[in-house]
Amino acid sequence: MEMKRSCAALLVVALLNTACAPTTRLLPMPEEKKVADFQPREPEVWGLPNGLQVLYMEDKELPTVRATLYLRGGTIQEPAEREGLLAAMGGMLRQGGAGELSPDVLDLELEKLSAAIGSGVSGEFGTVSLTSLSADLPRVFELFEKVILEPRFDERRLVILKGQLRHAIQQRKDEGPSIANTGFSQLLFREGAYGRVLESHEVDRISSSELRRSYREYMRPEGALLTITGDVSRDKVMELLNRRLANWRSSSRYPTTPPPVTRDQVRGIVFVKAPFAQATIVAGHLGVARHTQDQYAIQIFNEVFGAGGMASRLFGRVRTDLGLAYDASGAIMPGPVRGKNVITVQTKSATAGTALSEAIKVLEGMKQEAVPEDELNEKRSATLNSFVFANESTDATLQRRALFKIYGYPEEYDKTFMKHVASVKGEDVKRVAKERWNFDEFAVLVVGNEAALESLRSVRASLPQSLQGPIRLASFNEKLELKLK
Amino acid sequence: MFKNALTWLFVSAAVFVAPPSNADVKEARTALSRLAENVKEATLSNGIKVTLYRRGTAPVFAGVVAVRVGGTDEPKGKSGIAHMLEHMAFKGTPTLGTSDYEAEKRLLAEQEEIVAASQDRAPTDEEKRRLTEIQKELEKLWEREHLTREYETRGAVGLNATTDKEMTKYFVSLPRSAFEFWCWLESERILNPVFRQFYQERDVVLEERRMRYEDDPQGKLYENLLSKAYTEHPYRHPVIGYQRDIEGLTARMIDEFHRRYYVGGNIALSVVGDVDTNADLEVLERYFGRIPAGSSIARPEVVEPKQSEERTLTLQLDSSPQIMLAYHKPAFPHPDDAPISVLEEILGGSSVAPLQDTLIKKKRVAVGVEVDEGPGMAFPNLVFFGLVPRAPHTNQELLTAFDNEIERFKREGPTVEQLEMAKRALAVQSMKEMRGNLPLALNLATSQMIFGDWRAFLTWLDQVLQVESEQVKKAANTYLKRENRTVGYLEQKGK
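Going down the list, the sequences are from chains Z and F.
According to my numbering, the first sequence holds residues 8 to 492 in order.
According to my numbering, the second sequence holds residues 32 to 526 in order.
What follows is the structure in structure tokens.
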């Protein structure tokens, strides 16, 4: 309703402009039209006796097939003393050869088929994926099964992977944002399951036998999901699955419940000196769990504050008004137990302090005043009208459904989404800003040169009380080195 | 040694692996032909080229406006102006972005008068005072990011733009209900742009430059490599511009540049998704047909002198070491382009390619090998190799191993299997690139703008599929020569 009013006003301006302009080429803005109702196709879903669930959609436009196996549990459930092993196992599933195929032979066969199989394990889940031409699917699916059921974890290939891991660890300190993001995670989650950082000496202990152990402890069909779409019939999919994956058995008891966050986060400003032209600033504190009553209000808060791209307040102030940064973003990012509330800005050294204090002022503004109805309407419309893209393609629908199951969203989430978003009020957004952001808990990590440090010092008095204490200096080698009590 | 290893690999593989199937290549090629048959093309009354493709079931589309202007078109001393203009195209129009356009127009004109008057000297105290006043008055009139907000309320996703060496592309995905709005807004910002907030945006671009080039070791190496590999051609200049050039740009310069290049004969549109290939043309004509046709704009004809000896450069940074190599080559539609594409794919396009196989897997002197080409497509360009040494190996050791591998390939040429595998990979990649609405729309607009025909990607693929072993070997011997290359070393400071 409000939206219509503002558009009508624009239309008047446009017409006036037409009358005044020396050209006849001006045309008024077309009237806003309602987004067409769209009932996306539903995937066909069925379960196998071993607990693997299949989500399938046909898409015949091009002769290709895409499939992904989603495995429950991830590196956050890995015991601290085994840090890095599950992620390495995830990569080596595909890289390390399978069945009778050495890694080189598997690589070659996939290249000859112009097919790809990939694998990995991240924080909350693991995946094994394939893309194939339809005609080659029987063979590519056979290779996919071998990767899942008979990985070799080849020793020679593991040496290559370990070299790449060591290099990635060394590279962390090459750029400001990678230092800042790694370090900020450490400040929030300390050495717990969510903040552990792989170090070189831990790479040394990765061995094929440890990867096999991780494989046995982790991989299982119960609760796993297989999405498959493309130019392939349902009958063909069933036939492929029944051949081998349907018989997959495992004694794995790998936990899937996210572990608690056990230690207090660090507070205050921490500075890492590094010779960059820009300072990277990451600020915020521990956040909320994924499923809260506020999740829709949080979504709108994020759009207004700093996750809505160019149209968000943080971007508007720091970039559009002041020209301080190419990008500025901020959001409440829910997590499995505790999420992160994060503000990120990169700016030239001399304006590091100004950028931080301006970002904090934008947040303060959201805590003080309810979002006006016009702005709220814009954000609700943006969220509701773009919802159609959630099911833009069969790949998008399947990925969304699978991740929702992994993250434990209720079945009716998408069906009630529009109603919930439409009912978010300005006061709800203000409440979220007040209750979910707390300056007393703020941790700020800044990576920059001496000028950036000076700039920070110069604005300290204008920052919230909690950030006016001494700036702690830390070094960063493979990870943030900060002596903490 | 390596030859034996590779032979062993293929012998072992033969036990399990069927040879590449030509039937599959044909299938991919046929799928692309089928797709092409359903592309509708048209030319609007002012010369704007249009391609439309209907697909999918969701009521959404991707729209691309491509303008044939980029880094190669920039006058000396104004590097970065095409990219700056792309940023300014998001600032709105007389009806988007201000509460009082007439008042704003007067203030912006006065601001530019003062800027022009103080172009070659420092502004006086009075000028500074007035500029500050003007800025404050303007800020009261501006409606921040109005253009973006109008798009987003209609459900836009992925609203963005890019500028490269020879083209500027504006793109977005929208619900079908906003098709007419897209036509209106995109034509309106070409026809009636208002370059407001110019000086803040210039600072933003300087921040972008710091982020992408000054603080990014790879970006810095790439920028330096281009300026060394080219001595005359505008490909040697960064698209984002040199810092001193960006700092010298004014809103008036942007306006002049815009008037010259943003004309009908220099624009292509493509729309993919939920489109009505007949009715939509009328809507496109109604809105985009308003843009003046303009005159044909010739690109600068600068011929890069032939390189006669190897060039090198070294950057010492607080960063992991790496090497970037650039070899000169001709561009499509030169008959050597397709063999070079196949050569790139064979040498380093996959995990079994000789460079990956030897440098990463067998000799373990590298952790990463990449092959690419650029920096543009319309003029003779470069094949790039990016090499990252595996500690404790040095850049020099890695380069020696790389050179040995290249020399071996130049002597032996590709095997039949390598050739067929590369052709098939390129065919399948071409098909995969057409899957999403936006990638297809970008492909159609790019082919149209750079090569004058949206079918160029099919012509290229057909040439690729006909490439023979001897052509690949000849291409390697012709172009992968030391006197034809520039080597950029990134060495870790203090090591």
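Idealized CB from N, CA, C, for every residue including glycine.
Cβ neighbours of residue i in the same chain (closer than 7 Å, five flanking residues each side left out)
{"i": "F/Ser327", "result": "Gly296"}
{"i": "F/Asn191", "result": "Phe202"}
{"i": "F/Val245", "result": "Checking the sequence, you will find Glu at residue 245 of chain F rather than Val. Counting only Cβ-Cβ distances below 7 Å, and skipping sequence neighbours, we find Lys251."}
{"i": "Z/Gly106", "result": "Lys153, Glu157"}
{"i": "F/Lys394", "result": "Ala432"}
{"i": "Z/Leu17", "result": "Low per-residue confidence applies at Z/Leu17: pLDDT is 31, beneath 50, and the placement is therefore not dependable enough to give any value."}
{"i": "F/His264", "result": "Val333, Glu335, Phe410"}
{"i": "F/Asn515", "result": "Gln338, Tyr358, His359"}
Cutoff 8 Å: residue i Cβ touching any chain F Cβ
{"i": "Z/Tyr333", "result": "yes"}
{"i": "Z/Arg326", "result": "yes"}
{"i": "Z/Phe283", "result": "yes"}
{"i": "Z/Gly323", "result": "yes"}
{"i": "Z/Glu186", "result": "It should be pointed out that residue 186 of chain Z corresponds to Ile in this sequence rather than to Glu. Output row for Z/Ile186: interface = no."}
{"i": "Z/Pro29", "result": "Its pLDDT being 37, under 50, Z/Pro29 is placed unreliably in this model, and the value from its coordinates should be taken loosely. Cβ-Cβ to chain F under 8 Å: no for Z/Pro29."}
{"i": "Z/Asn398", "result": "yes"}
{"i": "Z/Ala389", "result": "yes"}
{"i": "Z/Gln177", "result": "yes"}
{"i": "Z/Gln171", "result": "yes"}
Pair within 8 Å by beta-carbon distance, residue i and residue j
{"i": "F/Val396", "j": "F/Ala432", "result": "yes"}
{"i": "F/Thr533", "j": "F/Phe229", "result": "Because residue 533 of chain F is not part of the residues shown, which for chain F are 32 to 526, the question remains open."}
{"i": "F/Phe416", "j": "F/Gly444", "result": "no"}
{"i": "Z/Ala481", "j": "Z/Leu474", "result": "no"}
{"i": "Z/Arg179", "j": "F/Val235", "result": "no"}
{"i": "F/Gly102", "j": "F/Lys200", "result": "no"}
{"i": "Z/Gln279", "j": "Z/Ile167", "result": "The displayed chain sequence assigns Val, not Gln, to residue 279 of chain Z. For Z/Val279 and Z/Ile167, no; Cβs fall outside 8 Å."}
{"i": "Z/Ile276", "j": "Z/Val466", "result": "no"}
{"i": "F/Leu489", "j": "F/Ala67", "result": "yes"}
{"i": "Z/Ile307", "j": "Z/Val395", "result": "no"}
{"i": "Z/Met317", "j": "F/Glu181", "result": "no"}
{"i": "Z/Gly291", "j": "Z/Asn348", "result": "yes"}
{"i": "Z/Tyr225", "j": "Z/Tyr261", "result": "yes"}
{"i": "Z/Glu385", "j": "F/Thr184", "result": "yes"}
{"i": "Z/Leu59", "j": "Z/Leu194", "result": "no"}
{"i": "Z/Asp56", "j": "Z/Ala231", "result": "One detail in the question is off: residue 56 of chain Z reads as Pro in this sequence, not Asp. Not a contact, by the Cβ cut-off of 8 Å."}
Residue(s) in a DSSP beta bridge with residue i
{"i": "Z/Arg146", "result": "According to DSSP, which records beta bridges pairwise, Z/Arg146 is partnered with nothing at all."}
{"i": "Z/Ser136", "result": "Z/Thr75, Z/Gly125"}
{"i": "F/Pro385", "result": "Answer is none; F/Pro385 lacks a bridge partner."}
{"i": "F/Phe319", "result": "F/Phe319 is not bridged to any residue."}
{"i": "F/Lys71", "result": "F/Leu83"}
{"i": "F/Glu522", "result": "F/Gln347"}
8 Å contact criterion, which residue i and residue j should meet: CB distance rounded
{"i": "F/Gln523", "j": "F/Ser258", "result": "F/Gln523 to F/Ser258, Cβ: 22 Å. No contact."}
{"i": "Z/Ala359", "j": "Z/Ala335", "result": "13 Å between Cβ atoms; not a contact."}
{"i": "Z/Ala332", "j": "Z/Thr354", "result": "5 Å"}
{"i": "F/Glu105", "j": "F/Ala93", "result": "The Cβ separation is near 28 Å, so there is no contact."}
{"i": "Z/Val135", "j": "Z/Phe151", "result": "7 Å"}
{"i": "F/Met119", "j": "F/Pro224", "result": "7 Å"}
Sequence-distant residues of its chain with Cβ nearer than 6 Å to residue i (five each side left out)
{"i": "F/Gln479", "result": "Lys80, Ala299, Trp485"}
{"i": "Z/Phe148", "result": "Leu247"}
{"i": "Z/Lys441", "result": "Lys374"}
{"i": "Z/Met96", "result": "Leu218, Ser221, Tyr222"}
{"i": "F/Asp434", "result": "none"}
{"i": "F/Gln502", "result": "Pro370"}
{"i": "F/Gln353", "result": "Val419, Leu521"}
Other residues of its chain near residue i: CB distance less than 8 Å, five sequence neighbours each side excluded
{"i": "Z/Thr30", "result": "Because Z/Thr30 sits at a pLDDT of 42, beneath the cut-off of 50, its placement in the model cannot be relied upon, and the following sentence gives the value as read from the coordinates. No residues qualify anywhere along the chain."}
{"i": "Z/Val428", "result": "Tyr303, Gln306, Ile307, Arg387, Thr390, Leu391"}
Residue i beta carbon near the ligand ADP (any heavy atom closer than 7 Å)
{"i": "F/Val400", "result": "What this structure holds is no ligand at all, so the ligand ADP is not there to describe."}
Short CB-CB distance (under 8 Å) between residue i and chain Z
{"i": "F/Met452", "result": "yes"}
{"i": "F/Ile391", "result": "yes"}
{"i": "F/Ser204", "result": "yes"}
{"i": "F/Ser306", "result": "In the sequence on display, residue 306 of chain F carries Val and not Ser. No, F/Val306 does not count as interfacial toward chain Z."}
{"i": "F/Thr194", "result": "no"}
{"i": "F/Met355", "result": "no"}
{"i": "F/Gly279", "result": "no"}
Within chain C, partners of residue i - CB distance below 7 Å
{"i": "Z/Pro37", "result": "Looking at the structure shown, chain C is missing, and the protein chains on hand are Z and F."}
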